Amino acid sequence: MKLIRDLFRDYRFAVSFAVLFGLVSLAICSAFSPYDPRRWYQVPRDQPPSSKYVLGTNSKGQDVFWEATFAIRNSLVFSLIAASLSRAIAILLGLIAGYLGGWPDRTLTFLTDTFLVMPLFLFIVLLSMLLKGRLTLGILGVLLGFFGWAWDARVIRSQVLSLREREFTKTALLSGMPTLRLVTKEYIPHVLPIIFSTLINNMSWAIGMEITLAILGLLKMDIPTLGVMLRWAISYQALLLGYWWWYLTPTVLSILLFISLYWLSASVSEYLDPRSRLQRVGVR
Amino acid sequence: MWVIQAKGLKAFYILHILGHTKIVKAVNEVDLEVLENEIYGIAGESGCGKSTLLKALLGVTIAPLRLISGQVLYRKDGEELDVYALKPEELRKLRWTFIAYVPQGSMSVLNPVRRLSRTLEDFLASHEGLKGRRQLMARAKDYFHELGLPPKILKAYPHQLSGGMRQRVTIALATLLAPKILIADEPTTALDVVVQRGVLQMLTDIHRKLANTLVLVTHDMGVHANVSRRLGIMYAGKLVEEGEVSELFTAPLHPYTRFLIKSLPKLGDKGSREGVPGMPPSLSELPSGCAFHPRCPLALPICREKEPLLSKEKPGHRVRCWLYLREGP
Amino acid sequence: MRFFKEYLLPRFLQFLLVTFLGINAAFFIPRFFSSDPILETISTIRSHGTYLDPGSVEKIISDLKQLYGLEGTLGQQYLAFWRRLFRGDLGLSFFQFPEPVVRLIGRALPWTLGLLLPSTLLSWALGLLIGGVGGCYPERRWVKVLDVISMLVRPLPYYIFAFALLIVFAYVIPWFPLGGGLSIGRQPEFSLQFIREVLHYAFLPFASLTILGTAVMYQMSKLIVQSLRTEDFVQYAQLGGVKGRIIVFKYLVRNAMLPLFTNLVLSLGQVFGGAMITEIVFSYPGLGMLLYNAVVQADYNLILGITTISIVAVTTGIFLADLVYPLLDPRVRYQ
Numbered sequence: 001m002k003l004i005r006d007l008f009r010d011y012r013f014a015v016s017f018a019v020l021f022g023l024v025s026l027a028i029c030s031a032f033s034p035y036d037p038r039r040w041y042q043v044p045r046d047q048p049p050s051s052k053y054v055l056g057t058n059s060k061g062q063d064v065f066w067e068a069t070f071a072i073r074n075s076l077v078f079s080l081i082a083a084s085l086s087r088a089i090a091i092l093l094g095l096i097a098g099y100l101g102g103w104p105d106r107t108l109t110f111l112t113d114t115f116l117v118m119p120l121f122l123f124i125v126l127l128s129m130l131l132k133g134r135l136t137l138g139i140l141g142v143l144l145g146f147f148g149w150a151w152d153a154r155v156i157r158s159q160v161l162s163l164r165e166r167e168f169t170k171t172a173l174l175s176g177m178p179t180l181r182l183v184t185k186e187y188i189p190h191v192l193p194i195i196f197s198t199l200i201n202n203m204s205w206a207i208g209m210e211i212t213l214a215i216l217g218l219l220k221m222d223i224p225t226l227g228v229m230l231r232w233a234i235s236y237q238a239l240l241l242g243y244w245w246w247y248l249t250p251t252v253l254s255i256l257l258f259i260s261l262y263w264l265s266a267s268v269s270e271y272l273d274p275r276s277r278l279q280r281v282g283v284r
Numbered sequence: 001m002w003v004i005q006a007k008g009l010k011a012f013y014i015l016h017i018l019g020h021t022k023i024v025k026a027v028n029e030v031d032l033e034v035l036e037n038e039i040y041g042i043a044g045e046s047g048c049g050k051s052t053l054l055k056a057l058l059g060v061t062i063a064p065l066r067l068i069s070g071q072v073l074y075r076k077d078g079e080e081l082d083v084y085a086l087k088p089e090e091l092r093k094l095r096w097t098f099i100a101y102v103p104q105g106s107m108s109v110l111n112p113v114r115r116l117s118r119t120l121e122d123f124l125a126s127h128e129g130l131k132g133r134r135q136l137m138a139r140a141k142d143y144f145h146e147l148g149l150p151p152k153i154l155k156a157y158p159h160q161l162s163g164g165m166r167q168r169v170t171i172a173l174a175t176l177l178a179p180k181i182l183i184a185d186e187p188t189t190a191l192d193v194v195v196q197r198g199v200l201q202m203l204t205d206i207h208r209k210l211a212n213t214l215v216l217v218t219h220d221m222g223v224h225a226n227v228s229r230r231l232g233i234m235y236a237g238k239l240v241e242e243g244e245v246s247e248l249f250t251a252p253l254h255p256y257t258r259f260l261i262k263s264l265p266k267l268g269d270k271g272s273r274e275g276v277p278g279m280p281p282s283l284s285e286l287p288s289g290c291a292f293h294p295r296c297p298l299a300l301p302i303c304r305e306k307e308p309l310l311s312k313e314k315p316g317h318r319v320r321c322w323l324y325l326r327e328g329p
Numbered sequence: 001m002r003f004f005k006e007y008l009l010p011r012f013l014q015f016l017l018v019t020f021l022g023i024n025a026a027f028f029i030p031r032f033f034s035s036d037p038i039l040e041t042i043s044t045i046r047s048h049g050t051y052l053d054p055g056s057v058e059k060i061i062s063d064l065k066q067l068y069g070l071e072g073t074l075g076q077q078y079l080a081f082w083r084r085l086f087r088g089d090l091g092l093s094f095f096q097f098p099e100p101v102v103r104l105i106g107r108a109l110p111w112t113l114g115l116l117l118p119s120t121l122l123s124w125a126l127g128l129l130i131g132g133v134g135g136c137y138p139e140r141r142w143v144k145v146l147d148v149i150s151m152l153v154r155p156l157p158y159y160i161f162a163f164a165l166l167i168v169f170a171y172v173i174p175w176f177p178l179g180g181g182l183s184i185g186r187q188p189e190f191s192l193q194f195i196r197e198v199l200h201y202a203f204l205p206f207a208s209l210t211i212l213g214t215a216v217m218y219q220m221s222k223l224i225v226q227s228l229r230t231e232d233f234v235q236y237a238q239l240g241g242v243k244g245r246i247i248v249f250k251y252l253v254r255n256a257m258l259p260l261f262t263n264l265v266l267s268l269g270q271v272f273g274g275a276m277i278t279e280i281v282f283s284y285p286g287l288g289m290l291l292y293n294a295v296v297q298a299d300y301n302l303i304l305g306i307t308t309i310s311i312v313a314v315t316t317g318i319f320l321a322d323l324v325y326p327l328l329d330p331r332v333r334y335q
């Protein structure tokens with residue numbers, strides 16, 4: 001409990017916790033939606049916000065508020081898939097490279113660096129293009145998960161590299177501790193703060209990439225996400241027609257989401273390990 | 001006549017880790033006087049607070065290090081200056097002209113991306129202004145020459161010099177403006193033995209030439225025996241014994257000092273030498289009473305309970321140990 | 001000579017290898033997916049409402065095979081691909097037939113580079129300086145204000161930040177055009193008015209990239225300087241009474257340059273992608289916009305061409321940066 005109290009002393013944690021709590025509640029609300037998010041013309045079109053339609057309605061005849069609850073839910077879900085998958089890859093490669101050293105390390109580091117410097121955005125576009133029409137949220141999550149690991153694998157590797165030099169590794173090895181136990185028992189806890197903060201940052205990256213792909217028109221347009229919502233608003237010229245509630249809702253929601261995710265990760269990881277700050281921004 | 005005086009000096013590191021506060025008592029009630037034109041040695045195991053004491057004497061307490069209480073006084077031109085009451089700019093001007101510092105002989109005390117001449121200029125320009133820069137540089141070159149350093153190394157970058165050369169350059173840099181006090185922190189550690197001798201020779205030569213005060217910190221008792229005139233022994237943040245080197249080495253009082261001296265190699269001595277038994281205490285969790293009692297073979301019951309005071313055993317010889325305190329607890 | 005062997009040569013080889021791997025990925029990825037770009041293209045043509053009789057479909061398929069370099073076995077395709085690439089031939093665009101992809105890219109690239117290079121350099125220099133000074137005086141009011149601003153801007157993805165700027169400064173307050181690189185029909189000429197118009201149109205995308213980049217660099221530079229402050233050489237200079245201004249600029253900021261530069265180089269690929277995304281928001285006529293059109297029209301040759309050129313551009317940029325780095329760090333220069 002002291003941990004929670006200490007964390008709340010950081011204004012960033014308090015703010016981001018409150019905002020995220022609100023956003024997650026919104027996402028949960030989607031379960032009680034009176035409308036099916038895929039069906040059109042369920043309510044009068046293009047109504048500004050009113051007591052009946054809190055955030056107005058769009059040109060497709062959908063209630064923007066309930067549409068947004070689905071969008072947040074879906075964005076959170078697929079970004080969690082993407083971030084978990086890329087975390088798994090990053091941890092695996094980082095641990096292997098850092099622990100084994102030698103040529104596996106050199107090969108993996110080269111691979112990681114190659115991935116790091118590539119304009120990945122273009123590869124993601126290319127792949128989404130080839131998967132067009134089949135890009136469900138799950139597949140999108142896997143696709144983004146496959147691309148988001150390089151930076152963090154690098155960070156984890158350098159962390160493991162420094163752990164390997166420490167006394168307890170030698171003690172553990174000399175006392176006959178199996179490698180796997182050593183890695184899971186001793187190393188994982190040390191890299192946990194980094195994994196946590198990069199998990200959140202990676203979710204944020206995935207959501208941002210999703211928005212971009214949606215704008216490019218590469219996603220299935222019938223599953224509402226923050227990006228798809230924005231894409232519909234833009235393709236219906238909501239900006240020019242002055243339906244501000246339509247394009248501002250996903251924009252403001254995603255801005256809130258990005259900022260609160262970032263603040264959460266920054267405050268928590270700084271609290272867990274003040275020295276990891278430099279590594280978190282990628283400076284070794 | 002003293003030139004630096006510390007009165008009841010306490011400087012602690014205050015660390016905040018995971019919401020807990022940890023206090024490292026690195027310098028704990030140190031009283032000492034360093035006299036004009038002497039070589040004052042400070043000895044002790046690593047982690048006993050020697051380096052922190054130097055920082056406190058130099059007036060640099062940057063967080064997490066904090067001055068808790070006490071005073072540091074300099075005597076400059078007959079005037080007593082309270083270091084911690086000076087304005088930052090006044091203190092800055094005292095540095096290098098009045099009190100200078102030679103750090104541990106490590107790789108990284110010189111700006112890695114600047115040529116030595118530029119670093120030299122930074123120091124000179126900060127104290128003498130930019131006017132007559134060429135003259136200053138000429139003077140610096142002469143000085144380097146005088147110390148037997150080839151002037152062409154001024155064009156080099158720090159990483160191009162050997163460790164010993166770098167250390168000589170740092171000493172030359174520190175003494176360029178003829179400071180009244182030179183403080184050297186482990187100046188010969190990390191250098192190999194042959195180079196060590198040269199560096200020490202250079203320090204004592206400069207000391208003689210400038211007729212200034214040298215405060216020499218090293219854990220190496222052999223160096224103290226050869227170079228220092230008076231010696232203070234530190235243990236767990238405190239001064240436990242202080243006296244003339246000749247007396248300290250022939251008749252050490254504190255059991256800790258005896259261990260330190262016994263551990264020195266002697267000519268013709270074939271027996272094995274003993275080190276100090278046990279480990280030095282953590283400065284954040286000091287033992288009760290006298291901090292040395294867990295390692296002390298002569299510990300009395302009282303050592304566990306109460307801290308001894310630093311008493312004047314003989315003129316010019318002080319010791320902090322219950323064995324010599326006559327008055328009862 | 002040692003510098004050449006130990007610094008330049010490995011980096012040059014790495015540059016070649018990374019470029020080679022990247023281009024290979026661009027070649028193989030489409031071929032490993034079951035989705036057939038030819039059928040895709042035909043369905044796109046159909047969806048545009050064009051009627052195709054079976055005979056013309058056959059003709060289109062064989063034409064497309066030739067166009068996309070899909071004739072023969074994989075091995076033959078691969079060799080042909082590299083042969084064409086060395087001739088600077090990236091094939092023809094399908095939807096702007098028979099315009100060569102290289103020419104389309106050549107027209108767009110200057111816009112992208114004109115946006116990307118100044119904004120990247122400016123955000124690096126600004127971030128370094130402001131963050132560096134901020135790291136020296138973290139308690140000052142203006143530093144705390146900048147901290148909060150950077151904490152707000154930094155997490156925003158390129159698209160959202162650019163979109164927000166567009167809404168505020170082009171739509172709500174119409175100071176800047178809603179998009180484009182020039183007003184429609186404007187011919188390039190060498191006049192003050194023309195230059196002013198170019199700058200006017202470029203301002204928002206430029207500001208978007210620069211502000212985001214500066215926020216990242218600011219935070220990084222500040223952290224680097226804060227850790228540099230505990231380095232021996234900085235503390236030594238302080239103990240030596242070196243003036244504060246000299247320490248801030250010639251010791252802290254100067255040394256923070258090195259890791260910050262390395263970091264910039266490593267993130268070049270991301271920055272490049274970010275610039276393309278920003279262009280799409282502002283309909284800026286660079287590579288990003290070209291990509292957008294290519295995606296909308298399913299123009300495979302164009303997408304592959306853009307990907308290939310981008311890979312070469314980014315890896316070349318990194319190699320050039322590697323060439324510049326020794327100028328900043330004498331430890332590399334005089335080994």
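If you read the protein sequences in the order shown, they are chains A, B and C. Be aware that the first sequence starts at 1, since it is given in my numbering, and climbs by one per residue. Be aware that the second sequence starts at 1, since it is given in my numbering, and climbs by one per residue. Be aware that the third sequence starts at 1, since it is given in my numbering, and climbs by one per residue. Note that beta-carbon positions come from the ideal geometry of N, C-alpha and C, so glycine has one too. These figures come from a predicted structure and were not determined experimentally.
C-alpha gap between residue i and residue j, whole angstroms
| i | j | result |
| --- | --- | --- |
| V283 of chain A | R245 of chain C | Only weak support exists for where V283 of chain A lies, its pLDDT of 41 falling under 50; the coordinates are left without a value. |
| H20 of chain B | S311 of chain B | 37 Å |
| Y256 of chain B | K93 of chain B | 39 Å |
| P315 of chain B | R229 of chain B | 15 Å |
| A11 of chain B | M1 of chain C | 52 Å |
| G289 of chain B | R133 of chain B | 57 Å |
| R38 of chain A | P224 of chain A | 8 Å |
| I207 of chain A | L241 of chain A | 27 Å |
| S43 of chain C | A125 of chain C | 49 Å |
| T315 of chain C | L122 of chain A | 14 Å |
| V324 of chain C | A150 of chain A | 25 Å |
| T136 of chain A | L219 of chain A | 8 Å |
9 Å Cβ cutoff met for residue i and residue j
| i | j | result |
| --- | --- | --- |
| L154 of chain B | Y101 of chain B | no |
| I29 of chain C | L93 of chain A | no |
| V242 of chain C | G317 of chain C | no |
| R164 of chain A | Y243 of chain A | no |
| D44 of chain A | W66 of chain A | Strictly speaking, residue 44 of chain A in this sequence is Pro, with Asp absent from that position. No, these two residues do not count as a Cβ contact at 9 Å. |
| A291 of chain B | A236 of chain B | yes |
| I105 of chain C | G305 of chain C | yes |
Minimum Cβ-Cβ distance from residue i to chain D less than 9 Å
| i | result |
| --- | --- |
| N111 of chain B | Absence of chain D from the displayed structure is noted, the protein chains being A, B and C. |
Residues bridged to residue i (per DSSP)
| i | result |
| --- | --- |
| K76 of chain B | B:E79 |
| E33 of chain B | B:Q5 |
| S69 of chain B | B:K10 |
| V242 of chain C | Answer is none; V242 of chain C lacks a bridge partner. |
Any non-hydrogen atom of the ligand ZN closer than 8 Å to residue i Cβ
| i | result |
| --- | --- |
| A18 of chain A | For the ligand ZN, the structure offers nothing, since it holds no ligand at all. |
Please list the residues of the segment 156-170 of chain C that have a C-beta atom closer than 8 Å to any C-beta atom in chain A, keeping them in chain order.
Residues of the segment 156-170 of chain C whose Cβ lies closer than 8 Å to any Cβ of chain A, in chain order: L156, P157, Y158, Y159, I160, F163, A164, I167.
Give, in chain order, every unbroken run of the alpha helix (DSSP H) that is at least 4 residues long and sits entirely within the segment 98-123 of chain C.
none
Quick check on the DSSP output: what are the complete alpha helix (DSSP H) runs of length 4 or more inside the segment 239-318 of chain B, in order along the chain?
245-250, 255-262, 301-305
Could I get the ranges of all uninterrupted alpha helix (DSSP H) runs contained in the segment 45-85 of chain C, with 4 residues as the minimum, in chain order?
Taken in chain order, the complete alpha helix (DSSP H) segments of 4 or more residues contained in the segment 45-85 of chain C are 54-67.
Taking a cut of 7 Å between CB atoms, which residues from the segment 209-232 of chain C lie near chain B?
E231, D232
Residues, ordered as in the chain, of the segment 260-272 of chain A that lie near chain C by beta-carbon distance below 8 Å:
L261, Y262, W263, A266
Ranges of the alpha helix (DSSP H) found wholly within the segment 215-280 of chain A, counting only runs of at least 4:
Correct list: 226-235, 238-241, 244-272, 277-280.
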